[in-house]
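Residue numbers (our numbering), protein chains in the order written: chain D, 1 to 257; chain A, 258 to 514. Yeah, the Cβ is synthetic: ideal placement off N, Cα and C, and Gly gets one too. Structure first, then comments.
2 protein chains.
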Amino acid sequence: MTYCLAVNVNDGLVFCSDSRTNAGVDMASTYSKMFCFGKEGERQMVILSAGNLATTQGVIQRIKRDIKQGADVTLMNVSHMEDAADYIGGLSVAVQGKYSSPDRSFEASFIVGGQIGGEDPRLFLVYPQGNHITTSSDTPYLQIGETKYGKPILDRIITSATPLDKVALAALVSMDSTMRSNLTVGPPFEIQIYERDRLGLRRYHRFDAESEYLREIKRVWDESLNAAFNRLPPIAWAFSWDERADGENAASPPQAG
Amino acid sequence: MTYCLAVNVNDGLVFCSDSRTNAGVDMASTYSKMFCFGKEGERQMVILSAGNLATTQGVIQRIKRDIKQGADVTLMNVSHMEDAADYIGGLSVAVQGKYSSPDRSFEASFIVGGQIGGEDPRLFLVYPQGNHITTSSDTPYLQIGETKYGKPILDRIITSATPLDKVALAALVSMDSTMRSNLTVGPPFEIQIYERDRLGLRRYHRFDAESEYLREIKRVWDESLNAAFNRLPPIAWAFSWDERADGENAASPPQAG
Chain D
1 MTYCLAVNVN DGLVFCSDSR TNAGVDMAST YSKMFCFGKE GERQMVILSA GNLATTQGVI
61 QRIKRDIKQG ADVTLMNVSH MEDAADYIGG LSVAVQGKYS SPDRSFEASF IVGGQIGGED
121 PRLFLVYPQG NHITTSSDTP YLQIGETKYG KPILDRIITS ATPLDKVALA ALVSMDSTMR
181 SNLTVGPPFE IQIYERDRLG LRRYHRFDAE SEYLREIKRV WDESLNAAFN RLPPIAWAFS
241 WDERADGENA ASPPQAG
Chain A
258 MTYCLAVNVN DGLVFCSDSR TNAGVDMAST YSKMFCFGKE GERQMVILSA GNLATTQGVI
318 QRIKRDIKQG ADVTLMNVSH MEDAADYIGG LSVAVQGKYS SPDRSFEASF IVGGQIGGED
378 PRLFLVYPQG NHITTSSDTP YLQIGETKYG KPILDRIITS ATPLDKVALA ALVSMDSTMR
438 SNLTVGPPFE IQIYERDRLG LRRYHRFDAE SEYLREIKRV WDESLNAAFN RLPPIAWAFS
498 WDERADGENA ASPPQAG
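Next comes the structure, spelled out in structure tokens:
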């Protein structure tokens, strides 16, 4: 399994991915799921991948080969981020189609984000079917892979106005919650921050399992959450419990009557 | 969708369920998913249901009819909680089999918990296939329906030693997280606490959407989580960001080289 997320806020973009790849829990390995393409001062893109490893590797290889061979359409010559998403969707469908059969599919999803020239930074989620969605100010983030465990914290913390450092931290906490509940998501975690209008990358970090900082976040977050929970108004004071009737109490609660 | 959970701790059992039923978001209705069966001083059981509404209603009706007609095996005469789980699994498979076809299934899951005489309180999750699993001291809770959003908070708070009131509160917070991230889980929420060796029910509460207490939990939890997040060590101080190479930076991070 995989968990990748990317966030589009006023100050720029944040990308975060885990590196656990598995085909059954006894065949787990570590692969980066974050790929960067760009030309300083002109364009910058970051791609995150989830799903079948053969498909995602095939797509990334095709992207690189197209750039090297100067193909008609490449990430280095598309004019809009939306065209980049379209292009990746097309490659993905092609690679999947080469191996899939009715009873066997090799689906993969991608997040691609970045900025081309003076356009706004954009973020897209490319579905296995090749189509894509983008973010909005109400929904500034996109996730692929094991998305549910880490969603509540994003919903609580992130808005379009959140500064990049805080977004990166929320992404790490979201990663931590996911890792805790799904063994097949694991470190190293990679974070890439793209600052709006930078048209290049400056801020990348890879957190290994032994990262002191990761461990410190975990510890403080665990403590704080337990403390927060203990501050909640005790349930015993909230109301009087209802006494249920005796005997064959198929009548309590009401619908079981 | 549905979210139900039940917890087995040293002091007893806690059951919690939402009441949203839907077949598409334009056909949402409210049904209780909590059903109680018992005989004061002899046995007490609580059932939670998720999945196809026709199946779950069919199973609950069969359970009641069997009791009324004095069938050979009923929830009122089984000797062990495990037999109750087996019985419910059998009913579920039978009801599903009546209507299913290869391209159409009407699956349902159940949680059944309770106590019979001097035995320990037990909790079981009955799968659509009719088989079941129980809790352990490491995994004291069971969930059915939309289980992922609400799992991280349970993992953090609940152990076998957690008092019943605190377990009930954790269940409500877990419900709240789930509701926030999945529109098709919604109030009223029902909570039933079973105190070990009580062999009867005393503590039931139904929280409506307008519940003052629910709103207060939500508010304090939101505030506390945001405050907790702001107490985390700032990411900027943790390490120096890596500077990426210029040019076509397909080489950063490493694997995209």
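Status (buried if at least 16 other CB within 10 Å, exposed otherwise) for residue i
i	result
D/Gln44	buried
A/Tyr461	buried
A/Ile448	buried
D/Lys132	Sequence check: residue 132 of chain D is His here, not Lys. Label assigned to D/His132: buried.
D/Glu146	buried
D/Ala108	buried
A/Gly346	buried
D/Gly247	A caution first: D/Gly247 carries a pLDDT of 37, below 50, which makes its placement in the model too unreliable to give a value.
D/Tyr149	buried
A/Ala263	buried
A/Leu482	buried
A/Asp275	buried
D/Arg62	buried
D/Ala245	For D/Ala245, the pLDDT reaches just 40, beneath the cut-off of 50, and the residue's location in the model is therefore unreliable, leaving the point undetermined.
A/Asp250	This structure does not reach residue 250 of chain A, given that chain A is present from 258 up to 514, and the question cannot be answered.
D/Asn182	buried
A/Asp268	buried
A/Lys355	exposed
A/Gln372	buried
Closest by C-alpha distance to residue i, when choosing among the options
i	options	result
A/Leu305	A/Leu380, A/Gly298, A/Arg460	A/Leu380
A/Pro397	A/Tyr384, A/Ile373, A/Ala427	A/Ala427
A/Thr391	A/Asp340, A/Glu473, A/Ile474, A/Asn334	A/Asp340
A/Ile415	A/Thr259, A/Val266, A/Cys261, A/Tyr260	A/Val266
D/Glu210	D/Pro188, D/Ile193, D/Arg196	D/Pro188
D/Arg258	D/Gly12, D/Thr30, D/Asp11	Because chain D is modelled from 1 through 257, residue 258 of chain D falls outside the range shown and cannot be assessed.
A/Arg459	A/Met338, A/Phe272, A/Asp395, A/Met258	A/Phe272
A/Arg476	D/Ala228, D/Arg219, D/Arg215, D/Tyr213	D/Ala228
D/Thr56	D/Cys36, D/Ser92, D/Met81	D/Ser92
D/Ile153	D/Val167, D/Arg231, D/Ser101	D/Val167
A/Gly457	A/Asp395, A/Lys290, A/Thr259, A/Val303	A/Val303
D/Leu53	D/Glu40, D/Cys36, D/Val95	D/Val95
A/Asn334	A/Ser358, A/Gly374, A/Asp360	A/Gly374
D/Ser160	D/Met175, D/Ser137, D/Gln143, D/Ser174	D/Ser137
D/Pro163	D/Glu195, D/Ala71, D/Ser174	D/Glu195
A/Lys408	A/Met338, A/Ser431, A/Gln386, A/Gly387	A/Ser431
Strand pairing of residue i, partner residues [DSSP]
i	result
D/Ser17	D/Cys4, D/Glu190
A/Val424	None; A/Val424 has no bridge partner.
A/Val303	A/Cys293, A/Gly370
A/Pro473	Note that residue 473 of chain A corresponds to Glu in the displayed sequence, not to Pro. The partner list for A/Glu473 (beta bridge, DSSP) is empty, contrary to what the question assumes.
D/Val9	D/Gly12
A/Tyr288	None; A/Tyr288 has no bridge partner.
A/Glu452	A/Gly269
A/Gly308	A/Ala365
When Cβ atoms are compared, which residues of the stretch 223-236 of chain D fall closer than 9 angstroms to chain A? Of all residues in the stretch 223-236 of chain D, the ones placed with a Cβ closer than 9 angstroms to any Cβ belonging to chain A are Glu223, Ser224, Leu225, Asn226, Ala227, Ala228, Phe229, Asn230, Arg231, Leu232, Pro233, Pro234, Ile235, Ala236, in chain order.
May I ask you to list, following chain order, the residues of the stretch 138-160 of chain D that have a beta carbon less than 7 angstroms from some beta carbon of chain A? For the stretch 138-160 of chain D, which is checked against every Cβ of chain A, the residues closer than 7 angstroms are Lys148, Tyr149, Lys151, Pro152, Asp155, Arg156, Ile157.
Of all the residues that make up the stretch 434-463 of chain A, which are near chain D by a beta-carbon distance shorter than 9 angstroms? Those residues of the stretch 434-463 of chain A that come within reach of chain D (Cβ to Cβ, closer than 9 angstroms) are Ser434, Thr435, Arg437, Ser438, Asn439, Glu447, Ile448, Gln449, Ile450, Gly457, Leu458, Arg459, Arg460, Tyr461, His462, Arg463.
Of all the beta strand (DSSP E) runs that stay within the bounds of the stretch 78-148 of chain D, which reach a length of 3 or more residues? Entirely contained in the stretch 78-148 of chain D, the beta strand (DSSP E) runs reaching 3 residues are, in chain order, 108-116, 122-126, 132-134, 141-145.
Under 8 angstroms (Cβ pairs) to chain A, residues found in the stretch 78-89 of chain D: So the list is empty, because no residue satisfies the distance condition.
What residues from the stretch 105-131 of chain D come within 7 angstroms of chain A, judged by C-beta to C-beta, listed N to C? The residues in question: there are none.
Could you list the residues in the stretch 469-480 of chain A with a C-beta less than 7 angstroms from some C-beta on chain D, going in chain order? Hits within the stretch, in order: Tyr470, Glu473, Ile474, Val477, Trp478, Asp479.
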